[in-house]
Amino acid sequence: MKKIIAAFTFLFVSLSSAIAGEDDLIGIWIDDKQEAKTEFTKCEDGSYVGKLIWTVKDKGDKPLKDRKNPDRSLRDNPLVGTVVMKGITYDSAKKQWDMPWAYDPSWGMTGSGYIKLGEQGQLVVKGSKWGITVTRELTRV
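Just so we're aligned: the sequence shown equals residues -20 to -1, 1 to 121 in mature numbering (1 follows the signal peptide of the UniProt record, and there is no 0).
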């Protein structure tokens, strides 16, 4: 009986930590340049989305616009409120979040990549397109 209880306890703890790791992405994170904050939330379908909720202002103290967006009709939109990552899912085998779509407003480009938790609890975000990879680190706010 003790072995059965121990086995169930081990199973419960293992499953709990796997689930907790999956949702570690949720929250507000600031980029390594201290220029933008991204909020990650969980969608109804279980995937995650990242949205800009704060950016530095331009030289005229006005909100930054999405000036490099490839869609010219969106270039006057403020960056705050822009979805910059979506469709994110957790891969428990790799202990990372797969990111099929990401938008980098500083380049006006989309790509794909992944997100991992770093050793100090930071998010390491890697996005790639056309063989170019960009890495950003985000710290929980």
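A virtual CB, placed ideally from N, CA and C, is assigned to each residue, including glycine.
What you are looking at is a predicted structure, and each value in this text was computed from that prediction instead of being measured.
Beta-carbon gap between residue i and residue j smaller than 7 Å
i, j, result
"Lys17", "Ile8", "yes"
"Lys106", "Thr115", "yes"
"Tyr70", "Trp77", "yes"
"Gly91", "Lys109", "yes"
"Val64", "Tyr83", "yes"
Range of the contiguous alpha helix (DSSP H) that encloses residue i
i, result
"Gly26", "Counting along the chain, Gly26 falls outside any alpha helix (DSSP H), and DSSP gives it neither H nor E."
Own chain residues within Cβ distance below 6 Å of residue i, not counting five before or after
i, result
"Phe20", "Leu5, Ile6, Tyr28, Gly30"
"Pro85", "Asp46, Leu59"
"Glu2", "Tyr70"
8 Å Cβ shell around residue i - same chain, five flanking residues per side excluded
i, result
"Val121", "Gly7, Ile8, Trp9, Ile10, Lys17"
"Gly43", "In the sequence on display, residue 43 carries Pro and not Gly. So the list reads Thr35, Lys37, Pro58, Leu59, Val60, once near-sequence residues are dropped."
Reference residue i, options the options, closest by Cα
i, options, result
"Val36", "Leu59, Asp51, Glu24", "Leu59"
"Gln100", "Met89, Thr90, Glu117", "Glu117"
"Trp87", "Pro50, Gly111, Val104", "Pro50"
"Asp12", "Val104, Thr113, Lys66", "Val104"
"Met89", "Lys48, Cys23, Asp41", "Lys48"
"Glu24", "Gln102, Ser72, Thr113, Ile68", "Ile68"
Collapsed DSSP secondary structure at residue i in the structure displayed
i, result
"Asp3", "helix"
"Ser53", "helix"
Same chain, Cβ closer than 7 Å to residue i, five either side skipped, listed in chain order
i, result
"Leu57", "Sequence check: residue 57 is Asn here, not Leu. Lys45, Asp46, listed in sequence order."
Endpoints, the beta strand (DSSP E) within which residue i is located
i, result
"Gly107", "103 to 109"
"Lys66", "63 to 71"
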